[in-house]
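Take a look at the structure set out below.
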Amino acid sequence: MKFTLNGVAADVAAHPMSRLLDVLREDLGLTGTKEGCGEGECGACTVLVDGEPVCSCLIPVAQVSGAEILTIEGLRGEHPLQRLFMSEVGAQCGICTPGMILTALSLGPAPSLDEIRTTLAGNLCRCTGYPAIYRAVMKWREEEGRAGGHGGGRQGGAA
Amino acid sequence: MRTAISSLDLRRPASLEEALGILRDEPRTPLAGATDLYVALNFGTLEPKRFLDLWPLDELREISARGDTLVLGALVTFTALIRSPLVAARLPMLVEAAALVGGRQIQNRGTLGGNIANASPAGDSLPVLAAADAVLVLRSADAERRVPITGFYTGYRKTVLRPDELIVAVEVPRIAGRQYFRKVGTRAAQAISKVVFAGVGGAAPRLAFGSIAPVVIRARATERALAAGAGIEEAVRILEGEIAPIDDLRSSAAYRRRVAGNLLRRFSRA
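Protein chains in written order, with my numbering: chain A, 1 to 159; chain B, 1 to 270.
See below:
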């Protein structure tokens, strides 16, 4: 199974119906992607496939053949949104954080608070720290706007 | 406990023709966005062992207009519905429904054909398709037939789809009346509906409800009464007699009956 993982070519020998989540965590050793509910409710296992957030616990790895996958490791701890999750206390226990950040990367430029809430609706924070999470995302988009960034954020830090 | 992956078998056809050929020769469970099937896998309740992956079949991702008919390929995702200007123009209530299916993660993978085939009474797109008088295009290696969505379901999670057939498209005739959609769940996003309603206004209104019967239903008696000039309170009384919701973990029958009536009132005022 060949795909691009965090900008690097990957080739894994896995059962085609293996969950993408298990291939990432067990075959590739990338444990930043978390397992939560197993039913598409919590978003802890979110990764980006071709720039779009998906639940990696609900995807057979065969379906990402040839795709570009971004996991939290691909941001290398250097992404501005990661820094803001720390400074704004958007991360508490941390289980939801990788999924929250990856889903937030799919936001368009200058999102309203309502758009942020809607986009992140599929990511649950059991510490209930939503205001701090929204604040971190809002500040990130404001900083990007001021810097005249190219908006998408999808590629942010992954290159 | 999770289903053992090693017990499963997946075929990945490169074309619809190849997929239908495989189904002619052996029964396999179609798999698209996997957002329902992999929940079953994660909970160890997945019964089928042999699967057919439809996800690579781009020919089923078409959104187009053929004259007055809107044609939606079975693999169109909820995200594709939300982003389509054509669907927004022709069938805005389907865009509203798509935006309330799970979170973005589910919308990105879940497909219209999958929502139909999964046959959950709570499927968010189903009342929209029923109110729109949508027709399903079912194809096998040898034949193609068209079945109205209202004739597709025969009972709880049961459909007329044969093992050698795939849902390939949904055809939606042009709608003249105003369109209305409302899903009532526990929270605004990411909820399975307690009651889901779609309506088309006009001289002969069309009313469809989900989550209040084993299958999506059209409230035909209520429609006839409204078309004959019944007032809204009379129509609500007829509706309450026409539906038979159940108590389950998401809601009670009494609540559902009350909400169904309230949705009809809101629709009549909208």
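C-beta: ideal position from N, C-alpha, C; glycine also.
Positions of the alpha helix (DSSP H) runs, each at least 4 residues long and wholly inside the stretch 31 to 101 of chain B, are given as 37 to 42, 78 to 83, 85 to 90, 92 to 98 in order along the chain. Along the length of the stretch 67 to 109 of chain A, whole alpha helix (DSSP H) runs at least 4 residues long occupy 80 to 87, 97 to 104, reported in chain order. Its chain contains P53 as the residues whose beta carbon lies nearer than 6 Å to that of A/S106, once the 5 sequence neighbours on both sides are disregarded; these appear in chain order. The beta carbon of B/D53 sits closer than 9 Å to some beta carbon of chain A. Taking 8 Å as the upper bound for CB-CB distance, B/G155 and B/V216 are not in contact here, some 12 Å apart.
In this chain, A/E41 is not harboured by any beta strand (DSSP E), its DSSP state being neither H nor E. Contact with chain A is absent for B/I22, since none of that chain's Cβ atoms lies less than 9 Å from the residue's Cβ. Taking 9 Å as the cut-off, the beta carbon of A/R19 is found no closer than this to the beta carbon of A/I69. Contact annotation: the stretch 127 to 134 of chain A touches the stretch 89 to 96 of chain A, with at least three C-beta pairs closer than 8 Å. Counting only residues of its own chain and dropping the five nearest sequence neighbours on each side, B/V147 has a CB closer than 8 Å to the CB of V135, L136, L138, V160. The Cβ-Cβ distance between B/S120 and B/L112 does not fall below 9 Å. Here B/D248 is bridged, per DSSP, to B/S251. At least one beta carbon of chain B lies nearer than 9 Å to the beta carbon of A/V49. For B/P163, the number of other beta carbons within 10 angstroms of its own is below 16, and it is reported as exposed. Along the stretch 35 to 67 of chain A, the positions whose C-beta sits under 7 Å from a C-beta of chain B are G38, E39, G40, E41, G43, T46, E52, P53, V54, C55, C57, L58, I59, P60, A62, Q63, read in chain order. With distances taken between CA atoms, B/R269 lies nearest to B/I232 out of B/A260, B/I232, B/D248. Residue pairing for B/K158: DSSP places it in a beta bridge opposite B/G155. In the displayed model, B/Q179 falls within a strand according to three-state DSSP. Under the three-state reduction of DSSP, B/P148 is assigned to strand. For the pair B/F51 and B/G33, the Cα-to-Cα distance works out to about 13 Å. For a Cβ distance threshold of 8 Å, residue set H15, M17 of chain A lies close to B/L8, ordered along the chain. Close partners of B/Q190 in chain A (Cβ separation under 7 Å): E41, A121, G122. With contact defined as three or more Cβ pairs closer than 8 Å, the stretch 76 to 86 of chain A and the stretch 35 to 52 of chain A are not in contact.
At least one CB of chain B lies nearer than 9 Å to the CB of A/T103. Contact between B/A176 and B/G202 holds: CB atoms are separated by about 6 Å, below the 8 Å threshold.
Within the model, the alpha-carbon separation for B/A227 versus B/G102 is close to 35 Å. Inter-residue distance for A/P109 and A/C57 is about 28 Å (C-alpha atoms, whole angstroms). Nearest Cα to B/T186 within the set B/L207, B/L60, B/L100: B/L100. One finds R104 in chain B with Cβ atoms closer than 8 Å to the Cβ of A/S106, taken in chain order. For B/P173, the uninterrupted beta strand (DSSP E) run begins and ends at 166 to 173, by DSSP. Assigned with DSSP and collapsed to three states, B/V216 falls in coil, not helix or strand. The beta carbon of B/Y153 sits no closer than 9 Å to any beta carbon of chain A.
Straight across, the Cα-Cα distance linking B/A19 with B/L54 is about 8 Å.
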